[in-house]
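K.L.:
Structure provided below as structure tokens; questions to follow.
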Amino acid sequence: MSHEALIAVGDRFEDFLANRGTVPVSELIARLRAGELPESLSVSIGQGLSAGQLAEIRTLAAAHGSTVSLGKGGVPEPAERRLTHKHDAKNVLIGPVGQIGEKRFVADLVIDERVEVLEDHLTGQHIPAITLLEAARQLWTVVTEQFFVTGPERTRFVISAVSSEFHSFVFPLPATAQYELLEHRRGPVGSVFRCRVGFFHGEKPASSVEAEYRVIPERFSVKQEKLAARQAVVSELTRLREQSAPAVSAERAAA
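Residue numbers (this note's numbering): 1 to 255.
Written out as structure tokens, the structure reads:
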């Protein structure tokens, strides 16, 4: 009985696809459509696939029955776009969130190779740090709104501090992001959260992000931002006038 095991990865991860046992998603889908399969095929879903490609693999694998088996977790799916505060579905980086403890939550990493933070920066074989930072932001946004701030009032997130550590490369393989709530305190306007988001290949930690952020009612945030923007403009105009004043005075003196 012939058996083949493959890891499906987005076509743009060309350097990573040089590793034996990986396959571009376009090639995998073509084989599944044509039925060009061994007697048994095991597929693990890596990173770089679009929502449409994930859905098609799910359908085609089911159509082939026991011939095609999927790795642990099956075919992941992206979280709802609105939950991550993204306008374009391709920019969603995580899957639906599940609770695994009183203050701990987990989601699959589900990266579309067309995502904005990869579109102009994809070098080497690993997932760039900026992509993981955005995935961490999406995870704490979804967790906070689904489990901690659940009222009908519209809110905004304001980041106070972010720090990160990278222990090893995160490659375009199956991975998870885990959220741990470290602190939650209520203030006069909104709430302050401190969390840690870890990224894992299986059980192995690859990187972590710690953040502190405030969640405040949108009506207050809009007023604060409007005032801050006006003050910034006034300060810049004042600086500009002060810079030009000596030159004007010198011209008048020379005249």
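The beta carbon of each residue, even a glycine, is placed where N, CA and C say it ideally should be.
In this text the structure is predicted, and so the values were computed from the model without any measurement.
#1: Find out if the Cβ-Cβ distance for the pair alanine 61, valine 68 is shorter than 8 Å.
#2: Answer yes or no: do serine 160 and tyrosine 213 have a C-beta to C-beta separation smaller than 8 Å?
#3: Under a three-way DSSP split, which group does threonine 150 fall into?
#4: Looking at valine 115 and the ligand NAD, is the gap between the Cβ and the nearest heavy atom below 7 Å?
#5: For arginine 137, count neighbouring Cβ atoms within 10 angstroms of its own Cβ and tell me buried if that reaches 16, exposed if not.
#6: Rounded to whole angstroms, what's the CA-CA distance from phenylalanine 166 to glycine 48? Just pull it up for me.
#7: Is it buried or exposed for leucine 139, if we count other Cβ within 10 angstroms and need 16 for buried?
#8: In the DSSP output, what is aspartate 120 paired with across the bridge?
#9: Are aspartate 15 and glutamine 178 touching if we call contact CB-CB under 8 Å?
#10: Report all residues from its chain with a CB closer than 7 Å to the CB of glutamate 153; omit the five preceding and five following residues, and keep chain order.
#11: What's the call for proline 188, buried or exposed, on a 16-neighbour Cβ count within 10 Å?
#12: Between Gly65, Ala30, Thr22, Glu56, which has its C-alpha nearest serine 44's C-alpha?
#13: Going by the DSSP bridge assignment, what does arginine 20 pair with across the sheet?
#14: So, under 8 Å CB-CB, leucine 6 and leucine 28 are touching, yes? Tell me the CB distance rounded to an integer number of Å.
#15: Tell me, please, whether the CB atom of arginine 154 is closer than 8 Å to any CB atom in chain C?
#16: Measuring only the C-alpha atoms, how far is lysine 223 from glycine 198?
#17: Do cysteine 195 and alanine 211 count as a contact pair if the criterion is CB distance below 8 Å?
#18: On the DSSP letters alone, give me the boundaries of the alpha helix (DSSP H) that isoleucine 57 sits inside.
#19: Verify whether the separation of the beta carbon atoms of leucine 109 and isoleucine 94 is less than 8 Å.
#20: Residue range of the beta strand (DSSP E) that glutamine 99 falls in?
#21: Grouping DSSP H, G and I as helix and E and B as strand, with all else coil, what is serine 2?
#22: Comparing C-alpha positions only, which one of Gly74, Pro174, Phe220 sits nearest to glycine 10?
#23: For serine 235, which of helix, strand or coil comes out of DSSP?
#24: For glutamine 53 and valine 25, I'd like the C-alpha separation in whole angstroms.
P.N.:
Taking the coordinates as given:
#1: yes
#2: yes
#3: coil
#4: This structure lacks the ligand NAD; in fact it carries no ligand of any kind.
#5: buried
#6: 21 Å
#7: buried
#8: Answer is none; aspartate 120 lacks a bridge partner.
#9: no
#10: Pro217
#11: exposed
#12: Thr22
#13: Answer by DSSP bridge pairing: none, since arginine 20 is not bridged.
#14: 7 Å
#15: Absent from the structure: chain C. Only one protein chain is present.
#16: 34 Å
#17: yes
#18: 51-63
#19: yes
#20: 98-101
#21: coil
#22: Pro174
#23: helix
#24: 8 Å
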